[in-house]
Structures are given as structure tokens and as C-alpha cells.
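Taking it in order: structure first as C-alpha cells, then the write-up.
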Amino acid sequence: MIRTFVLTIWEMHPYDIMCEWVKWDYNNHISMDRLAKVLDLPTSKDGEVEGKNVAKAFEEGRIDEICEYCEKDVELTRAIYKRMTFEDGEDDLAF
107 MIRTFVLTIW EMHPYDIMCE WVKWDYNNHI SMDRLAKVLD LPTSKDGEVE
157 GKNVAKAFEE GRIDEICEYC EKDVELTRAI YKRMTFEDGE DDLAF
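So the sequence shown is numbered by the working numbering: it starts at 107 and just counts up by one.
Below is the structure:
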């Protein structure tokens with residue numbers, strides 16, 4: 107017999123960097139780009155592809171640019187997390 111279960115997002119104890127920054131005030135909001143600037147981190151929004159135009163870039167076959175954009179976002183998210191949880195030493199961002 108295989109037993110399965112599903113955890114809700116709240117049972118997994120997530121650390122949501124945007125929600126932590128605004129202290130879980132859902133009426134407030136900060137973009138990742140602005141949060142990076144506040145924390146003195148480089149922006150990941152320096153290419154032509156951004157979240158708002160990924161679909162168009164995909165239709166145009168610009169997969170490598172989409173991958174690069176996503177990789178930068180992941181690296182920046184990690185750097186923000188490390189900065190906000192005081193785990194950062196030297197930033198190891200590749201961009």
C-alpha cells in the first residue's frame with residue numbers, strides 16, 4: 107500500500123522574501139528589482155527579456171534569452187534571501 111499526502115504551502119514553512127519585506131501585509135507590494143536596489147544588489151532586469159514579455163520572446167524562439175533571464179532571477183532571489191536572513195558573505199552573483 108502506498109500512502110500519499112499533500113502539504114499546503116503553510117505547512118511547508120516557506121520563506122517568502124516579498125512577504126517578509128512587507129511583513130505579510132498583502133495590501134503592500136515591492137518588486138524584486140526594487141528590493142534588489144534597496145539591498146544594494148544588482149538587478150536581473152538588464153536584458154531585453156523580462157517577465158512581462160516572456161511569452162512574446164518564446165513565440166519568437168528566443169529560448170536562450172528566456173533561460174538567461176530565468177537564471178538571473180533565480181540567482182537574485184537567492185542573493186536576496188541570503189541578505190535578508192543574514193547568510194550572505196561575499197555575494198556570488200554571476201551577473
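For glycine and all other residues, C-beta sits at the position ideal for the given N, C-alpha and C. Nothing here was measured: the structure is a model prediction, and the numbers come from that model.
With distances taken between CB atoms, is the gap from residue i to residue j smaller than 7 Å?
| i | j | result |
| --- | --- | --- |
| residue 186 | residue 141 | yes |
| residue 136 | residue 190 | no |
| residue 158 | residue 139 | no |
| residue 153 | residue 121 | no |
| residue 155 | residue 163 | yes |
Under a three-way DSSP split, which group does residue i fall into?
| i | result |
| --- | --- |
| residue 151 | coil |
| residue 193 | coil |
| residue 129 | coil |
| residue 156 | coil |
| residue 122 | coil |
| residue 180 | helix |
So residue i is in the alpha helix (DSSP H); what residue range does that whole segment cover?
| i | result |
| --- | --- |
| residue 166 | No alpha helix (DSSP H) contains residue 166, which DSSP labels as neither H nor E. |
| residue 139 | 138-144 |
Relative to the ligand NAP, is the shortest distance from any of its heavy atoms to the C-beta of residue i smaller than 6 Å?
| i | result |
| --- | --- |
| residue 154 | As for the ligand NAP, it is missing from this structure, which has no ligand bound. |
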